[in-house]
Structures are given as structure tokens and as C-alpha cells.
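Protein chains in written order, with this note's numbering: chain R, 8 to 263; chain G, 8 to 263; chain C, 11 to 321; chain U, 11 to 321. Just below is one structure, and these are the notes that go with it.
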Amino acid sequence: MINKELLTIVETIQIAKETIKMRLQGSEKIKHAKPGQFVHIKVGNEGSHMLRRPISIADVNQDQQIVTIIFKVIGSGTDHLSKCHVGDVIDGLIPCGTSYPIEQITMDKALLIGGGIGVPPLYYLAKQIKEQGVEVTSILGFQSSEHVFYQSEFAELGKCHIVTNDGTHGFQGFVTDVIDQLDPTFDYYFSCGPTPMLKAVSSKLQDRNGYISIEQRMGCGIGACYACVVPTNDGSNGFKKICKDGPVFEANEVVL
Amino acid sequence: MINKELLTIVETIQIAKETIKMRLQGSEKIKHAKPGQFVHIKVGNEGSHMLRRPISIADVNQDQQIVTIIFKVIGSGTDHLSKCHVGDVIDGLIPCGTSYPIEQITMDKALLIGGGIGVPPLYYLAKQIKEQGVEVTSILGFQSSEHVFYQSEFAELGKCHIVTNDGTHGFQGFVTDVIDQLDPTFDYYFSCGPTPMLKAVSSKLQDRNGYISIEQRMGCGIGACYACVVPTNDGSNGFKKICKDGPVFEANEVVL
Amino acid sequence: MTLQINLPGLVLKNPIMPASGCFGFGREYSDVFDLNQLGAIIIKAATKQSRYGNQTPRVAETSSGMLNAIGLQNPGVEAIINQELPFLSDYDVPIIANVAGSSVEEYVEVTKALTRTTTVKAIELNISCPNVKQGGIQFGTDPELAAEVTSKVKAVSHVPVYVKLSPNTSNIVAMAKAVEAAGADGLSMINTLTGMQINLSSRKPILANKTGGLSGPAIKPIAIRMVYEVRQHVSIPIIGMGGIMNAEDVLEFLLAGANAVAIGTANFHNPFVCPEIIQALPGVLEQYGFRSVEDAIGKGHEHGVTNFSRA
Amino acid sequence: MTLQINLPGLVLKNPIMPASGCFGFGREYSDVFDLNQLGAIIIKAATKQSRYGNQTPRVAETSSGMLNAIGLQNPGVEAIINQELPFLSDYDVPIIANVAGSSVEEYVEVTKALTRTTTVKAIELNISCPNVKQGGIQFGTDPELAAEVTSKVKAVSHVPVYVKLSPNTSNIVAMAKAVEAAGADGLSMINTLTGMQINLSSRKPILANKTGGLSGPAIKPIAIRMVYEVRQHVSIPIIGMGGIMNAEDVLEFLLAGANAVAIGTANFHNPFVCPEIIQALPGVLEQYGFRSVEDAIGKGHEHGVTNFSRA
Ligand SMILES: Cc1cc2nc3c(=O)[nH]c(=O)nc-3n(C[C@H](O)[C@H](O)[C@H](O)COP(=O)(O)OP(=O)(O)OC[C@H]3O[C@@H](n4cnc5c(N)ncnc54)[C@H](O)[C@@H]3O)c2cc1C
Ligand SMILES: Cc1cc2nc3c(=O)[nH]c(=O)nc-3n(C[C@H](O)[C@H](O)[C@H](O)COP(=O)(O)OP(=O)(O)OC[C@H]3O[C@@H](n4cnc5c(N)ncnc54)[C@H](O)[C@@H]3O)c2cc1C
Ligand SMILES: Cc1cc2nc3c(=O)[nH]c(=O)nc-3n(C[C@H](O)[C@H](O)[C@H](O)COP(=O)(O)O)c2cc1C
Ligand SMILES: Cc1cc2nc3c(=O)[nH]c(=O)nc-3n(C[C@H](O)[C@H](O)[C@H](O)COP(=O)(O)O)c2cc1C
Ligand code: FES
Ligand code: FES
Chain R
8 MINKELLTIV ETIQIAKETI KMRLQGSEKI KHAKPGQFVH IKVGNEGSHM
58 LRRPISIADV NQDQQIVTII FKVIGSGTDH LSKCHVGDVI DGLIPCGTSY
108 PIEQITMDKA LLIGGGIGVP PLYYLAKQIK EQGVEVTSIL GFQSSEHVFY
158 QSEFAELGKC HIVTNDGTHG FQGFVTDVID QLDPTFDYYF SCGPTPMLKA
208 VSSKLQDRNG YISIEQRMGC GIGACYACVV PTNDGSNGFK KICKDGPVFE
258 ANEVVL
Chain G
8 MINKELLTIV ETIQIAKETI KMRLQGSEKI KHAKPGQFVH IKVGNEGSHM
58 LRRPISIADV NQDQQIVTII FKVIGSGTDH LSKCHVGDVI DGLIPCGTSY
108 PIEQITMDKA LLIGGGIGVP PLYYLAKQIK EQGVEVTSIL GFQSSEHVFY
158 QSEFAELGKC HIVTNDGTHG FQGFVTDVID QLDPTFDYYF SCGPTPMLKA
208 VSSKLQDRNG YISIEQRMGC GIGACYACVV PTNDGSNGFK KICKDGPVFE
258 ANEVVL
Chain C
11 MTLQINLPGL VLKNPIMPAS GCFGFGREYS DVFDLNQLGA IIIKAATKQS
61 RYGNQTPRVA ETSSGMLNAI GLQNPGVEAI INQELPFLSD YDVPIIANVA
111 GSSVEEYVEV TKALTRTTTV KAIELNISCP NVKQGGIQFG TDPELAAEVT
161 SKVKAVSHVP VYVKLSPNTS NIVAMAKAVE AAGADGLSMI NTLTGMQINL
211 SSRKPILANK TGGLSGPAIK PIAIRMVYEV RQHVSIPIIG MGGIMNAEDV
261 LEFLLAGANA VAIGTANFHN PFVCPEIIQA LPGVLEQYGF RSVEDAIGKG
311 HEHGVTNFSR A
Chain U
11 MTLQINLPGL VLKNPIMPAS GCFGFGREYS DVFDLNQLGA IIIKAATKQS
61 RYGNQTPRVA ETSSGMLNAI GLQNPGVEAI INQELPFLSD YDVPIIANVA
111 GSSVEEYVEV TKALTRTTTV KAIELNISCP NVKQGGIQFG TDPELAAEVT
161 SKVKAVSHVP VYVKLSPNTS NIVAMAKAVE AAGADGLSMI NTLTGMQINL
211 SSRKPILANK TGGLSGPAIK PIAIRMVYEV RQHVSIPIIG MGGIMNAEDV
261 LEFLLAGANA VAIGTANFHN PFVCPEIIQA LPGVLEQYGF RSVEDAIGKG
311 HEHGVTNFSR A
């Protein structure tokens, strides 16, 4: 059940280059949001922004009924959102999409692999599985040092390796290079980031169990318009809707 | 010379039903605005409001570089403007159009006839001619008592008669009824208001000297697009542009 | 105040229905609000075989509008009949089925299949989809082809047929007259205008299909003009659409001559828009002096005939 | 970085020019900024006799756009030559004269008169005005008529002729090919789409002319699509327009294949928009990796031919 929630901004702060963390307070319905799900946010008005923007849920404070989102300013919608103030109310459909099926799987060790704005959903995931007693290792890739965020937050939950494309912070290269170098042990991996990264990760780890979370331009955000389809990998000519059947998929379920 | 001024709202206050008075501070260029001229105001953004809104100058404080506008909320643009706050900056082309030619005419007594949102420009006019020693009588028409504004302001400058359509304040009826009843003496009359009122006034006073100020939907506001033309009355098949040759015209110069 | 409107094959509680392709087969929105509130539902286009549609990205945002190039993705008419219609038949809402195809034969076969069912109360003949290589819009810009497909579909349909017109034409009146003469029971207008957006960084069209259909408030003035013009030249009812965001927009379409309206893009901006409009409509009608929906239809025509379309 | 572009008859300092009808004869804007900054100026349409145009209201606001129905008001070609061109000849900016008419003969005569002068460096043949009862758009939706008027005007013109196309057609490519074959030196596209807005209170169309031309960002996706499509099928240069508000929009038109651009509606929103865009353009070109305007033209075409227009 998707709700249209009026969310009050209780905090908005820049945490890295072009990267905003925002905390949004809503009704008690938002407590049920799970790691991997997203909020479909209305920005501006119909003249300026006809379509909503999907942004992952990076954390939920159940007591205070607050969800955290972290987003990068890449275009006019995120720019508009970044200029909103504490006290402003934004309209969001929440919770949208599927979550990481952490209640259905058993594991001792998990590897989290995030890239850029794919990092935020992994944080709430890390918190929840850590609470379940899972040992969490994360490898987080960014463009360069000024884009890095949430290193200490992830470090509190387990080992956290940072990699930057230009080597200005942590390892130099791509997340896959770090996987090669460290060869971490894990039962399941969870990955979110740009499609080229997901492709590289899932092909490197192709015989391992894992979940990925993918992006696509969306219309409705609730499964009705077929804007966000992705072909399935089973040769059936089938497809999944990222907004409804995803954004979380088993690693080899869909064709990237 | 028209300037694009960034005007800071220093006061915004509702002074009658759906009627807002706003004081706008700009650069010293705005000091030169004259009675009868208007500001062509950008509201919202290009998605919500492509066209600017023409609003008359109701007063100018030359020392503080403040212009006063008074407007009625009748549609989405004025609604948007009414929701702006003190400190907000609005973009206005100023000064636009012609002014009442008070420096070219000599008179002892003037009759001002205003209707609704046609009242505001008459106020700055009244102030200026009163300073020149002219005796000012005003007849101001409104829909009903809750719409009346600026009665005391006009009363400070001369005799002021209010008329409401429904008789809930002052005389009952139309401004022309009051002219009939009071038969005031004057050398020139100045009128601004809805077109039907201007028609009634100018036909009643057709052999008197007078100036009227008229409205039309505008594009550019500076004389380039020909959106706002009005035919001239001289049988020449000619026309005037209200935004540039007007909004002030000699009473029988144009066809209403 | 009554919002009820009767059209060929359709008794509508109110004149508000989601537009084809913008509401799937109703299932997803049934999680959002009670579908029984709707006047009708126009379901997503059906073709004979299942279609995957175009590559992604399939949507882009434009000023006061959007582009889409879904490409008629659907599971094929038999799967729709077996998997989607039973769900919809549980609701007390008339279902209008949008029919697409690459050939006259396909339109005919899909219509035959759909009108075997009792759930489908009317056909919306989609001769105006700009996003497929074959069929669709080519039928929608040639009056003779449009008339041919209309009469052949009419011949096999057990329910009234509304023909959905494309705005990508210099003469919408000629199209409307042609399908009326061919037996159409009603018109549905307008579909999207063909548009494109280019990404400055990638230097490529944003949509994988390059072009897409422009919808939303940006096109409302074009839709209003076309409904107004067509209203003056045909007598069959019109389902109006194109950029409706609120109850005021609905009234504008009614004044232009629409008998009912469909809401497309607005559903994405606000999934509750249909029920919200249904709730607001009586107040808006009253505010502008109307006693019913019926009362407002065509009331924008007071000064003779307008036709600016040229052949 | 050089913004210079050479087109038939025109050496442009930069590719930015105000669009016809949106800048009068330049006089009013000369009070606002120095006209010498402009790449060119396209002046308001000229007809043989003076025309009063349509009744007011002549403009309405729409979502991300506006409607206009000025109706080609102008003082007639001789008055333009005597009263307006001398003023413009003082500036170091090429003047493009927009020519309108109700008959082929009128187009020919107006062109003859204008190209007698040395101030007019090119003709923009307006076969696409939606706001007059006779002429204008009827030439713009029929390829044969368009070709006829183009070749007759070419025969008498001493300067290059750019034909201004109407988007109110199902096949813009056919129109473009027809006028290219008839000798057009360039294309100018797009003019406005016919639209309408109805006032809910008066229950009448807002414009006295009922319909008007839709312009502004609302139509930009349609303009981009048409420029892109036409670029793939004709080789003469294109002056692109339709909804440009800023330097990014200019680049989008260049990528689509325009060689220069015109700015219409945006002048009303911001009278300084042309010089502001000229100032911003080098930075935007650089940001997206281009070394000059020339360098960006047509760079949005990387994946073969697109044609979604149908006859
Ligand atoms: C399920 C999901 C979760 C996401 N979570 C996050 C997150 O937590 N943090 C974050 O910074 N970003 C996230 N994104 C990406 C985010 O949606 C885009 O960055 C954002 O929509 C860009 O909007 P814009 O107006 O700034 O850009 P513009 O380019 O101006 O947007 C134009 C249109 O394209 C769409 N669009 C552009 N880029 C993307 C993209 N990468 N993915 C989907 N739509 C796009 C926009 O939504 C809009 O409709 C997520 C995307 C998806 C699909
Ligand atoms: C020279 C001049 C001076 C004016 N001075 C004042 C004033 O001092 N106070 C005041 O309250 N109003 C004044 N008006 C009227 C004011 O411009 C309109 O009320 C206002 O534009 C309405 O905008 P809206 O968005 O609220 O209405 P909408 O109806 O939503 O506007 C839609 C479009 O129509 C135009 N429009 C609608 N009504 C009018 C109108 N009466 N005149 C011109 N354009 C209109 C708008 O500008 C806009 O382009 C003046 C008009 C003119 C021409
Ligand atoms: C994402 C999307 C998908 C659409 N799919 C269809 C379709 O399958 N069949 C059809 O006839 N129209 C389709 N349309 C067109 C709409 O039904 C409608 O005619 C058009 O969008 C104009 O209305 P609007 O401005 O309210 O969206 C689609 C529109 C959109 C935005
Ligand atoms: C008020 C107005 C008047 C116009 N007059 C003319 C004209 O006389 N001749 C012409 O060819 N185009 C005319 N146009 C069309 C513009 O030149 C331009 O093609 C169109 O508006 C699209 O560009 P835009 O979206 O930047 O405005 C006019 C447009 C407007 C808004
Ligand atoms: S965004 Fe509409 S189906 Fe996914
Ligand atoms: S508003 Fe453009 S000429 Fe007056």
C-alpha cells in the first residue's frame, strides 16, 4: 500500500560535494519503509517538474517517524529539492518498490558494494542486517575524495573500504578492483550504483548469491505506465518493472 | 528608458477583500516613475507564468526609493504575488507606459473617477496635483463595503465620495450616478477602471477635458508585440498601443 | 448535483476516466484508491501478440509535460482477457479497451476477441500511437485509412467504437468526419504530439526510441482547439483529453464540447488525481453556474463556426 | 571562442536573433539594450497593404507557453521600408524581413519591394501564420502550394529566401523537401501550433479570434523533433525556434541540426533574454565540449535516420 505523505523537512545538510542529506518527518505509516525501497518525490510544480523523482530510503527512525534520504544534485529536480528549507513540506509516495529480502535469507557475512548515489540505500540495509547479527563489509566507490560520504557511519557497522576513481581517498580505481585485492568472504552480496558498476560487479561475482538495485527513468513509480521495464534473464522474453518488481532484484534475474 | 529592476518587498498587507497593498524598494531609477505608469511584473517562473502582469504605480516614495502597488487577486498570477513575503525579490520592468500629462496642463480643479483596481493609479496622481495646488475631488466606486480601500488616503487630499454597487458603503449605484447627483465642478477629469465604467464616464462627460487609463491583456509591455492595441477615434483606421502610447489617453482619443 | 453522463455503451457515474496507457490495467491504482469512484477506465492498448515495446529510457520530462515512448507494451489480447479483465470485472466501472495494431486485420481480430467478453463496454480504436514503427499513427493521419479501419472494426464489434484521433495532422476535422461517416460511435481526442528531447551531455535523444509522444498541460491548448473545432462539425460524442490536471480543466473541455474526459499524465504527478477531480467537480460546476455535467457540455460555443484546419 | 556563423546572405556574429513578431521592428528593444549585440533581427511580418489585425484580446497565457492572435498587424510594406528600415540600417546587424500574404501575388510583390532595399539581407517567407483567415498557413500545410510560392518568390528576390514552416502538419519532412526542391535557400522552423483557451466565466474563447498560435517552452519538444527530422532529409540550413529560454536550449537546437536560432516568446518574459543568451552561450558550449557554434551543429545525430512523419 503506497501512501501519499506530506513530509516535513526537519534537517537538510550538505554532506559532500553536490550531495545533500535530508531528514523528513511523516505520519506513522512511514515506519514500515524497508531497506531498498524508495520515495517518489514531487518537486516544484507541474509546470517546472511534471514527473516525480525516485530517491532511496537511506535510513528510518521509527520512533520519530523520520526517513533519511541522501541525494546528489544532478539536474533541475534535485537542484530544486536541495534549495528547500527546514519546515518546508514535500509530497512523497512512500514506500515504493521492493526491499532487500533480508527476512527470507540466512547469512553470517554480507558484502555491500555501493557506488555514488547507490550508497544511501545500503546504509539502512547495513544497519538492519547488523542488528540481525550479520557481519558487514562494505566497499564504497566515489568519483573523488570530495564526493565521499558516510564513511564513518558504515565503519561503525563493520569494515568499510573506500575507493575513488582518482585515488584521492582510499583505494584508487573501481569497486571491482577492491574486490580483487581484498577477496572478502561473504554469503550474500548487495550492490547498488550506476549500471556499468552493477554490470561489472555482477559479472565478477556471477556464481555468488547477491542482490542488486537498479535505476531507470520513471513515470508513475507504482507499476502502471511501463516506463521502467527491464528484460528478465530467463530467456522467456519477459520483463520486470523496476518501480514495482524492483528496484531490488536477484543479481542474475534481469539483463543489465 | 525601461529598466528591469529587482524590487524587494518591504511591506505586504491586505487592505480590503482580495486586495493587497505592497511596497517595493528598488534602485534610484524607480524615483522617476510618474502617476499613470505601471510596473510589468514577473510572477512565478516560465512554467507557471510565461507572461508578466501589468500593475499600476499607486505611489512613489522618492527618498526611500519605494513604489507602492495595490492589486486585486483575480487569477493565478495575482494569487502568486499575494503569497510573496517581505524580503522576497521580484523582477519588474519599470516604469512602463505614459503618465497623466499633469505638467502640460493647467487647472484649478480636478475630478478623479476610479473604479475598483482602477483606483490605485489615481492616488499618486491626486498627491502630485494636490502639491501643485489643484483642488481634488474623487469619486471612487467599489463592488461593496468590503472592497473599499484608500478612502481616508483620498479624503486627506480633497473631497472623497465612495459609491458601492450594493450600497453597503457610501452612495449606492455607479460612479456616473454620483456625478449626476453631485454635479461637481472641475477643469479636467481623470478616470481609471473597468472598460464599461470608462465608457459610461467618457460618454457622460464627452464635451469635457479628461484623461482615461485603460487595460488590455499584454505580451511584451513595451510596444513590440502589438498585443494591446486599441483603435483611435479619428476615423484614420489608426491604433495606439496601450502599453507604450498609453495606458493614459485623452478621453476621446481611442475607441473603447 | 448529478455528474452522470450517458454515452453510447456507457453509463458513467461521472465524466472522469483514466486515459489509456496511464493507468495500466487498473490493478496498481487499486492499491491507491477505490476504483469504483471512477466514471470509467480506459485500459492499456491491446495488440494480438504480446509486445515488449521500445527500449528504455521510455520517458522524459518537458516543460509542463512529458514525452513517452512505451511502444504499446502489452501481454497480447488473450492474456489481457484471461489475466486482467477478470480483476476489473469485480468493479462497478465500465471498461473501455484500447485497441492497437499494425494492420487492419490485427485491429479487427483484437476487437473481436475483446468484445467476446462482457467486461468491455466500449472499444477505443487507437489509430494514433506515435511510438511504433508500423501502424498506429499512419492510420491516424490519413482519412481514408482511418475510415477503412473504423468500418471494418465496427462490423465485428459488439460494443460501441470510439476512435482515438491523433493531433499530428493539419486537418483534424477531416479525420473526425471520415471516421464518423465510417460508423464511429464516438471520438476520443487527443493522443500525443510527436516530440523529442536531446541530452546535451550524451548528445543523443534521451528516449531510446528517439521520438516520443508529448502529453500534459503543454498540449492542452491544442487539445481544446481540436475538440472545439471537431464539435462544430460532427455530432457523435467526444471523450476529451490532453493536459487535464484539475476540475477547472475538465470544465474547459466540457465547454469546448467534450462529453466526458480522460486523465493521463496527471496520474503520474499525483496518483490520487482522478478521485480528487471527481470530488472537486460539483463545486467547480456550481461556481461557474452549471447544474450538471450535461448542462456544461458545448457551452463554449456561442459565436458561430470555427475551422482553422486546412487540408 | 567564436560564435560566428555564415548562412546564405547572412554573416552572423552569433546565432541568436529575435523571432518575427516578437520584436516589432527593433525600435522598442533598442531602448532596452544595444541591438548591435544581436546575430540578426527578424522583423515583424510585412503585407502589401497595412493591416489592423485581429480584435483584442490577442494573447493568453498557457502552461509553459502563450497563445497569440495578432493577425499580422503591420503598416504595409511601403511604410515599413520608409519608416522602419532606415532606423534599423543604422545598426550593424543583418535584417531578415518576414513576408506574409493572402495570395502568391502578394508574397511576390512584398518580396520585390523589400529586396529593393539594401537593409534587408534575407527574406523569411511566412507560409505558416495560423491567425489570418486567408493565406498564411494554407500555403504551409500543402507541399505543392508551398513549392509554388517559394519558387515564385525566389524568382524575384535579390536576397536568399528562408521558408518558415508550420508545425500544423502530419509530414514536416515532405514540406521541407518541397520547398528545398523549389529553391529555398534555408528553412525557418517552427511557427506556432494552433490552440485555444476558453474562459470559464465568460464561457468564450479568451482570444477574440478564438484560436491563436501556441509558442514557448511547451512546444520545444515538437520543434526539436521537427528540426531533427528535417535535418536528416534536407541539406539547406535551418533557423531553429520554438520555446528557447536560455543558452542550453540553444545548444539543444544546434545538436538537433539548427544552424542558428530565433527567440520569440522568451522576449516577453525577459526583454534582456537575447543579450543574456549571447553572453552565456560560450560558457555552455565549452561546458559540453564544443569549440564553436559551428562545431555543435547537428551533433545530436549519431544513430541513423529518423522519420516519424506520415503523409
Ligand atoms: C529506485 C531509484 C532510487 C534512487 N535513489 C537515489 C538516491 O538515493 N540518491 C540519489 O541521489 N539519486 C537516486 N536516484 C536517482 C535519482 O532519481 C535521479 O538522480 C533524479 O531523478 C534526477 O533528477 P533531476 O531532476 O535532478 O535530473 P534531471 O536530469 O533534470 O531529470 C530529468 C528526468 O530524468 C529522470 N532521471 C534523471 N536521472 C535519473 C536516474 N539516474 N535515475 C532515474 N531517473 C532519472 C528524473 O527523475 C526526471 O524525470 C534513484 C533512482 C531510482 C530509480
Ligand atoms: C496598465 C495596467 C495597469 C493595471 N493596474 C492594476 C492595478 O494597479 N491593480 C490591479 O489589481 N490590477 C491592475 N491591472 C490588471 C492586472 O494586470 C490584472 O488583474 C492581472 O494581470 C491579472 O493577472 P492574474 O494572473 O491574476 O489573472 P489571470 O486571469 O490568471 O491572468 C491570465 C492572463 O491574463 C492577463 N489579464 C487578466 N486580466 C487582466 C486585466 N484586467 N488587464 C490586463 N491583463 C489581464 C494576465 O496578465 C495574464 O497574462 C492593470 C492592468 C493594466 C493593463
Ligand atoms: C506513458 C503514456 C502511455 C500512453 N499509452 C497509450 C496507449 O497505450 N494507447 C493510447 O491510445 N494512448 C496512450 N497514451 C496517450 C494518453 O492516453 C493520452 O491520450 C495523452 O497522454 C494525452 O492526455 P494527457 O495529457 O492527460 O496525458 C499514453 C500516454 C502516456 C503519457
Ligand atoms: C506575439 C507573437 C507574434 C508573432 N508574429 C509572427 C509573425 O508576424 N510572423 C511569423 O513568421 N511568426 C510570428 N510569430 C511566431 C514566432 O516568430 C515563432 O516562430 C514562434 O513564436 C515560436 O518561437 P517561440 O516559442 O520562441 O516564441 C509570432 C509569435 C508570437 C508569440
Ligand atoms: S514507473 Fe511506471 S511502471 Fe515503473
Ligand atoms: S504588450 Fe506588446 S505591444 Fe503592448
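All C-beta atoms in this analysis are idealised placements derived from N, C-alpha and C, irrespective of residue type, glycine included.
Problem - Interface partners of T33(G) on chain R, CB under 8 Å - result: The sequence shown places Gly at residue 33(G), not Thr. By Cβ distance, chain R contributes nothing, its closest Cβ being about 24 Å from G33(G), past 8 Å.
Practice task
Taking D152(C) as the reference, give the member of N181(C), S212(C), V169(C) with the closest Cα.
Solution key: N181(C)
Practice task
List the residues of chain U whose Cβ lies closer than 7 Å to the Cβ of Q207(C), in chain order.
Solution key: P231, I234
Problem - Beta carbon of A56(C) nearer than 8 Å to that of I15(C) - result: no
Practice task
Check each candidate in V283(U), N256(U), P281(U), Y238(U) and name the one with the smallest Cα separation from N269(U).
Solution key: Relative to the Cα of N269(U), the nearest Cα in the group V283(U), N256(U), P281(U), Y238(U) belongs to Y238(U).
Exercise for the section: May I ask whether a heavy atom of ligand 1 can be found less than 7 Å away from the beta carbon of M225(R)? Expected result: yes
Problem - Proximal chain G residues relative to T275(U), where beta-carbon distance stays under 8 Å - result: M57
Exercise for the section: Quick one: residues in its chain with C-beta nearer than 6 Å to the C-beta of A221(U), no 5 flanking neighbours on either side, listed in chain order? Expected result: For clarity, residue 221(U) is Thr in the given sequence; the question names Ala instead. So the list reads T204, M206, once near-sequence residues are dropped.
Handout entry: Closest Cα partner of F156(R) within the set Y131(R), D184(R), F181(R), P127(R)
Key = P127(R)
Exercise for the section: Run the CB neighbour count on I109(G), radius 10 Å, all protein chains shown included, and call it buried at 16 or more, exposed below. Expected result: By the neighbour-count rule (16 or more Cβ atoms within 10 Å), I109(G) is buried.
Problem - Within chain R, partners of N52(G) - CB distance below 9 Å - result: G51, N52, G54, S55
Handout entry: Cβ distance (whole Å) where P28(C) is taken to contact N277(C) below 8 Å
Key = 6 Å
Handout entry: Exposed unless 16 or more other CB atoms sit within 10 angstroms - verdict on V118(U)
Key = With 16 or more other Cβ atoms inside 10 Å of its own Cβ, V118(U) counts as buried.
Practice task
Kindly indicate which three-state DSSP category K49(G) falls into: helix, strand or coil?
Solution key: coil
Exercise for the section: Would you mind reading off the limits of the beta strand (DSSP E) that contains S198(C)? Expected result: 196-199
Practice task
Taking 8 Å as the cut-off, decide whether the C-beta atoms of G226(C) and T275(C) are in contact.
Solution key: yes
Exercise for the section: Would you be able to state if there are at least three C-beta pairs under 8 Å between the region 66-86 of chain R and the region 81-97 of chain C? Expected result: no
Problem - Span separating the alpha-carbon of A309(U) from that of V183(U) - result: Inspection of the sequence shows that residue 309(U) is occupied by Lys rather than by Ala. Between K309(U) and V183(U), the C-alpha separation is close to 19 Å.
Exercise for the section: Please decide whether Y117(U) counts as near chain C, where near means a Cβ-Cβ distance under 8 Å. Expected result: no
Exercise for the section: Could you tell me which residues DSSP pairs with T204(U) in its beta bridges? Expected result: G223(U)
Practice task
Can you list the residues near ligand 1, meaning Cβ strictly closer than 5 Å to any non-hydrogen atom, in the order they appear in the chain?
Solution key: F45(R), L58(R), R60(R), P61(R), I62(R), S63(R), F78(R), K79(R), I81(R), G82(R), S83(R), G84(R), T85(R), I124(R), P127(R), E222(R), R224(R), P254(R), E71(C)
Practice task
Decide yes or no for the touch test of the region 193-210 of chain G against the region 156-165 of chain G: beta carbon pairs closer than 8 Å, at least 3 of them.
Solution key: Proximity of the region 193-210 of chain G to the region 156-165 of chain G falls short of the contact definition, fewer than three beta-carbon pairs being nearer than 8 Å.
Exercise for the section: Note down, in chain order, every chain U residue with its Cβ under 9 Å from the Cβ of K251(G). Expected result: E38
Problem - Enclosing beta strand (DSSP E) for L118(R) [first to last residue] - result: 116-122
Practice task
Taking C-beta pairs closer than 8 Å, name the residues in chain U that L295(C) reaches, listed in chain order.
Solution key: Simply none; closest approach about 10 Å.
Handout entry: DSSP-derived helix/strand/coil call for L82(C)
Key = coil
Problem - Residues that S112(C) contacts on chain B, provided the C-beta gap is smaller than 8 Å - result: Among the protein chains of the structure shown, namely R, G, C and U, there is no chain B.
Problem - From V260(C), S40(C), A123(C), I106(C), residue whose alpha carbon lies closest to that of Q289(C) - result: V260(C)
Practice task
Please report how far the alpha carbon of V140(R) lies from the alpha carbon of Y195(R), in whole angstroms.
Solution key: Note on residue identity: the sequence assigns Gly, not Val, to residue 140(R). If you take the alpha carbons of G140(R) and Y195(R), they lie about 14 Å apart.
Practice task
Drop a sphere of 10 angstroms on the beta-carbon of M8(G), count the other beta-carbons inside from all chains shown, and report buried for 16 or more, exposed for fewer.
Solution key: exposed
Practice task
Count the CB pairs spanning the region 46-56 of chain R and the region 47-61 of chain G that are closer than 8 Å, and state whether there are at least three.
Solution key: yes
Problem - Residues, ordered as in the chain, of the region 215-235 of chain G that lie near chain U by beta-carbon distance below 9 Å - result: Q223, R224, M225, G226, C227, G228, I229, G230, A231, C232, Y233, A234, C235
Handout entry: Closest by C-alpha distance to I48(G), when choosing among T15(G), Q69(G), K38(G), Q72(G)
Key = T15(G)
Handout entry: Residue ranges of each alpha helix (DSSP H) within the region 188-232 of chain G, 4 or longer
Key = 202-211
Handout entry: Closer than 8 Å at the beta carbon, the chain U residues around G100(G)
Key = According to the sequence displayed, residue 100(G) carries Leu and not Gly. Neighbours of L100(G) on chain U, chain order: P281.
Practice task
Measure the alpha-carbon distance for F282(U) versus V42(U) and round it to whole angstroms.
Solution key: 7 Å
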